[in-house]
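Trainee:
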Amino acid sequence: MKITVVGTGYVGLVSGACLAEMGNDVLCLDLDPEKIRILKEGGIPIHEPGLDQVVARNVAAGRLHFTTDVQEAVQFGTIQFIAVGTPPDEDGSADLQYVLSAAKAIGRHMTDYKVIVDKSTVPVGTADKVKAAVRAELDARGENIPYSVVSNPEFLKEGAAVDDFMRPDRIVVGAEDDQAIFLMKALYAPFQRNHEKLLIMDLRSAELTKYAANAMLATRISFMNELALLAETLGADIELVRHGIGSDPRIGYHFLYAGCGYGGSCFPKDVKALIKTGADSGHNLRVLNAVEDANDAQKLVLVDKVVERFGEDLSGKHFAVWGLAFKPNTDDMREAPSRVIIAELFRRGATVTAYDPVAMPEARRVFGEDARLVYAERPMQALDDADALLIVTEWKEFRSPDFDVIKAKLKSGIIFDGRNIFDPALPKKAGLTYLSIGRP
Ligand SMILES: NC(=O)c1ccc[n+]([C@@H]2O[C@H](COP(=O)([O-])OP(=O)(O)OC[C@H]3O[C@@H](n4cnc5c(N)ncnc54)[C@H](O)[C@@H]3O)[C@@H](O)[C@H]2O)c1
């Protein structure tokens with residue numbers, strides 16, 4: 001099939017590359033000329049494990065192309081995926097300007113039947129808006145070319161995106177006409193040879209499904225974070241509680257980790273957008289409001305612990321921070337707890353040396369030139385002259401450090417672990433003070 005992907009970010013590039021991997025001809029469009037230049041020169045503008053090989057293989061096979069030319073992109077694919085960003089607007093709702101501008105461009109340039117697929121995470125009712133935007137452009141041209149609009153939300157996880165796309169748990173397709181359903185079934189047939197994964201539903205249910213999934217996952221995290229705070233006060237251990245409840249198949253072990261808050265490009269904005277959708281339609285989503293409040297507070301829990309030990313004023317104190325990305329295996333720092341933590345340390349007068357295996361270039365962009373923040377080339381180097389260590393992202397390479405070296409380097413001998421990555425006995429044996437989340 002001939003496929004255009006509009007928006008070549010985390011979702012668009014992974015989708016485009018994986019669809020090409022299945023033998024389709026794919027053209028990826030982005031308005032950011034720098035992104036397209038990097039891709040055309042054989043580079044990858046984001047960090048996503050395994051993506052470089054899939055892209056290289058399919059470019060070499062002549063199935064994957066990149067462009068900034070909107071007209072060329074619209075005319076190329078029968079299926080037009082819209083995978084542009086939907087950042088939060090000032091009131092928390094999803095900002096649809098990029099989605100609608102992509103839809104208008106399709107209406108402006110299309111010359112034959114198109115299936116326009118919303119892959120971006122968009123509020124219920126967006127498919128209708130996309131339909132109307134395309135119709136308005138066609139009307140302005142005096143054309144009546146047929147098209148279908150489909151909702152096909154994406155459930156991939158950054159850090160495991162290629163694998164998730166190639167082996168999805170489910171493929172949700174909201175569609176209303178037979179021709180679009182036929183094409184979507186054909187497109188996704190190679191991804192579900194083992195068993196049927198396609199869930200065909202109406203457009204509004206498909207749109208809501210994506211928000212429901214992210215809201216549920218965020219809820220589990222905030223729930224565990226609140227219980228972790230309670231466990232600390234009561235002298236219980238949240239890790240033991242996690243095992244105790246995860247073994248119940250109705251609960252399960254996934255997404256039950258207490259930590260220093262969720263971040264990333266999806267959970268925070270999708271929870272906000274769903275709350276706003278609820279409010280706009282007369283529903284106060286009380287659970288989700290609490291999920292968000294709990295998460296905002298949780299991002300400061302590590303600094304609260306620092307303040308308990310070092311006092312409100314951290315002037316003259318210097319901290320090592322391990323982990324900047326919002327989670328391991330990505331360079332994405334959107335809404336990352338590290339941003340809130342480092343900003344709060346600065347506000348209280350402290351300075352920081354940070355280390356992250358892949359997100360340091362992104363951190364330089366996020367924080368800009370700032371004398372209060374320097375970067376280390378290796379984790380242990382970040383500890384030079386540090387009063388204490390804060391662990392913010394659970395990268396694998398942090399899991400088995402030499403605790404004696406940490407003890408020798410840290411002035412206070414304190415580790416604040418926001419991700420509970422160590423067995424407390426190990427740092428303790430080295431004479432360190434180990435303060436984690438929800439453990440005595
Ligand atoms: N990142 C994830 O893990 C993830 C997972 C599932 C769903 N989503 C959703 O997918 C959507 C995209 O997310 P992302 O993380 O890939 O975003 P992103 O910011 O990485 O990429 C979006 C890209 O779209 C481009 N763009 C914007 N307007 C355009 C236009 N009119 N024409 C062509 N290109 C345009 C931007 O330049 C950018 O490169 C969002 O709605 C997001 O909520 C993201």
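Heads up: the sequence shown is residues 1 to 440, going by this note's numbering. In this text, a Cβ means the ideal position worked out from N, Cα and C, and glycines have one as well.
Within a Cβ cutoff of 6 angstroms, which residues of the same chain sit near G261, ignoring the five residues on either side of it in sequence?
Mentor: Stepping through the sequence shown from its first residue, residue 261 is reached at position 261. Around G261: N295, Q298, K299 and P337.
Trainee: Which partner residues does F319 have in the DSSP bridge list?
Mentor: In the sequence shown, residue 319 corresponds to position 319, counting from 1. F319 pairs with V352 and A388.
Trainee: Who are the Cβ neighbours of P268 in its own chain at under 6 angstroms, not counting the five residues just before and after it?
Mentor: On the sequence shown, position 268 is the one that residue 268 refers to. Around P268: E335.
Trainee: Can we count A105 as close to ligand 1, meaning its CB is less than 8 angstroms from some heavy atom?
Mentor: Position 105 of the sequence shown, counted from the first residue, corresponds to residue 105. The answer is yes for A105.
Trainee: On a Cα-Cα basis, can you pick out the residue from F346, V26 and P33 that is closest to T61?
Mentor: Position 61 of the sequence shown, counting from 1, holds the residue named residue 61. Here residue 61 turns out to be Ala, not Thr, going by the sequence shown. That would be V26, whose Cα lies nearest to the Cα of A61.
Trainee: If you draw a straight line from the alpha carbon of A136 to that of Q97, how long is it in whole angstroms?
Mentor: Sequence index remark: in the sequence shown, residue 136 carries index 136 (1-based). Sequence index remark: in the sequence shown, residue 97 carries index 97 (1-based). Looking at the two C-alpha atoms, the distance is approximately 16 angstroms.
Trainee: Enumerate, from N- to C-terminal direction, the unbroken alpha helix (DSSP H) stretches of 4 or more residues contained entirely within the segment 50 to 109.
Mentor: Qualifying alpha helix (DSSP H) stretches, in chain order: 51 to 60, 70 to 76 and 97 to 109.
Trainee: Please list the terminal residues of the continuous beta strand (DSSP E) segment that includes C28.
Mentor: Walking along the sequence shown from the start, residue 28 turns up at place 28. Its beta strand (DSSP E) spans residues D25 to L29.
Trainee: CB-CB under 7 angstroms to T67, same chain, minus the five flanking residues each way: which ones, in chain order?
Mentor: Here residue 67 is taken as the residue at index 67 of the sequence shown, counted from 1. Excluding sequence neighbours, T67 sits near L27, L29, I36 and A73.
Trainee: Ligand 1: which residues have Cβ under 6 angstroms from any of its heavy atoms, chain order?
Mentor: This selection yields V6, G7, T8, G9, Y10, V11, G12, L29, D30, L31, D32, K35, A83, V84, G85, T86, Y98, S101, A102, S120, T121, E154, L156, E158, S265 and C266.
Trainee: Just the C-alpha distance for K185 and L198, rounded to the nearest angstrom, thanks.
Mentor: Here residue 185 corresponds to residue number 185 of the sequence shown, with the count starting at 1. Here residue 198 corresponds to residue number 198 of the sequence shown, with the count starting at 1. Taking the straight line joining both Cα atoms gives about 8 angstroms.
Trainee: For L507 and G431, what's the separation of their Cα atoms in angstroms?
Mentor: Outside the shown range of the chain (1 to 440) lies residue 507, about which nothing can therefore be said.
Trainee: Look at the alpha carbon of F165 and the alpha carbon of K407, and state the distance between them as a whole number of angstroms.
Mentor: Indexing the sequence shown from 1 puts residue 165 at position 165. Indexing the sequence shown from 1 puts residue 407 at position 407. Whole-angstrom Cα-Cα distance: 43 angstroms.
Trainee: So, with DSSP's three-state summary, where would you put L156?
Mentor: Counting from 1 along the sequence shown, the entry for residue 156 is found at position 156. Residue state, collapsed to three classes: coil.
Trainee: With a threshold of 6 angstroms on Cβ separation, who are the neighbours of I171 within its own chain once the five nearest residues in sequence on each side are excluded?
Mentor: Against the sequence shown, residue 171 aligns to sequence position 171. Excluding sequence neighbours, I171 sits near Y188, K197 and L198.
Trainee: Out of T353, R339, L274 and P357, which one is the CA nearest neighbour of V124?
Mentor: Taking the sequence shown and counting its residues from 1, the one referred to as residue 124 is at position 124. The candidate whose alpha carbon is nearest that of V124 is L274.
Trainee: List the whole-angstrom C-beta distance separating G438 from L229, where the pair is believed to meet the contact cut-off of C-beta under 8 angstroms.
Mentor: The residue labelled residue 438 in the question sits at position 438 within the sequence shown. The residue labelled residue 229 in the question sits at position 229 within the sequence shown. So it is a contact: roughly 7 angstroms between Cβ atoms.
Trainee: Compute the Euclidean distance between the alpha carbons of K317 and K210, then round it to the nearest angstrom.
Mentor: Your numbering for residue 317 matches position 317 in the sequence shown. Your numbering for residue 210 matches position 210 in the sequence shown. If I take the Cα positions, the gap works out to 43 angstroms.
Trainee: Tell whether a beta-carbon distance below 9 angstroms holds between D258 and R242.
Mentor: Residue mapping note: residue 258 aligns to position 258 of the sequence shown, counting from 1. Residue mapping note: residue 242 aligns to position 242 of the sequence shown, counting from 1. As written in the sequence, residue 258 is Ala, which differs from the Asp given in the question. A contact, by the Cβ cut-off of 9 angstroms.
Trainee: What residues in its chain sit with their C-beta under 8 angstroms from that of D237, if we drop five residues either side in the sequence?
Mentor: On the sequence shown, residue 237 is found 237 positions in, with the first residue counted as 1. So the list reads A231, G438, R439 and P440, once near-sequence residues are dropped.
Trainee: I'd like to confirm the pairing. Which residues does DSSP put opposite T433 in its beta bridges?
Mentor: The residue given as residue 433 occupies position 433 in the sequence shown. Bridge partners of T433: I414.
Trainee: According to DSSP, V150 sits in a beta bridge with which residue or residues?
Mentor: Here the question's residue 150 lines up with position 150 in the sequence shown. V150 is bridged to V117.
Trainee: Can you give me the Cβ contacts of R220 inside the same chain, cut-off strictly under 7 angstroms, excluding the 5 residues immediately before and after it?
Mentor: Position 220 of the sequence shown, counted from the first residue, corresponds to residue 220. Hits under 7 angstroms: F255 and L256.
Trainee: Hey, I145 and I79: beta-carbon distance below 9 angstroms or not?
Mentor: Residue numbering aside, residue 145 sits at position 145 when the sequence shown is read from its first letter. Residue numbering aside, residue 79 sits at position 79 when the sequence shown is read from its first letter. Contact flag unset, no.
Trainee: Hey, how far is the Cα of R399 from the Cα of V358?
Mentor: On the sequence shown, position 399 is the one that residue 399 refers to. On the sequence shown, position 358 is the one that residue 358 refers to. R399 and V358: Cα-Cα distance of roughly 16 angstroms.
Trainee: I'd like to know whether the C-beta atoms of F310 and S436 end up nearer to each other than 9 angstroms.
Mentor: In the sequence shown, counting from the first residue as 1, residue 310 sits at position 310. In the sequence shown, counting from the first residue as 1, residue 436 sits at position 436. No; because the gap between Cβ atoms is not below 9 angstroms, this pair is not in contact.
Trainee: Would you identify the three-state DSSP class for Y375, choosing helix, strand or coil?
Mentor: For the purposes of this step, residue 375 is taken as the residue at position 375 of the sequence shown. DSSP places Y375 in strand when its eight states are reduced to three.
Trainee: Among the residues of its own chain, which have a CB less than 6 angstroms from the CB of E292, if the five just before and after it don't count?
Mentor: Locating residue 292 in the sequence shown gives position 292, where the first residue counts as 1. Result list for E292: V271, in chain order.
Trainee: My assumption, with CB atoms under 8 angstroms, is that L390 sits in contact with I421. Please give the rounded CB distance.
Mentor: Start at 1 with the first residue of the sequence shown, and residue 390 comes out as number 390. Start at 1 with the first residue of the sequence shown, and residue 421 comes out as number 421. Contact doesn't hold; Cβ gap of about 12 angstroms is too wide.
Trainee: Using the Cα positions of D177 and V84, report the straight-line distance between them to the nearest angstrom.
Mentor: What you label residue 177 is simply residue 177 of the sequence shown in a count that begins at 1. What you label residue 84 is simply residue 84 of the sequence shown in a count that begins at 1. Answer to the nearest angstrom: the Cα atoms are 24 angstroms apart.
Trainee: In the DSSP output, which residue or residues are listed as bridge partners for K2?
Mentor: The sequence position of residue 2 within the sequence shown is 2, counting from 1. D25, per the DSSP bridge assignment.
Trainee: Bridge partners of M201, per DSSP?
Mentor: Walking along the sequence shown from the start, residue 201 turns up at place 201. Beta-bridge pairing links M201 to G174.
Trainee: Could you check the C-alpha separation between A512 and I116 for me, to the nearest Å?
Mentor: Past the boundaries of the shown model lies residue 512; the chain is included only from 1 to 440, so the question cannot be answered.
Trainee: Expressed to the nearest angstrom, what Euclidean distance is found between the alpha-carbon atoms of G235 and L227?
Mentor: By 1-based counting over the sequence shown, the position of residue 235 is 235. By 1-based counting over the sequence shown, the position of residue 227 is 227. In a straight line, the C-alpha of G235 is about 12 angstroms away from that of L227.
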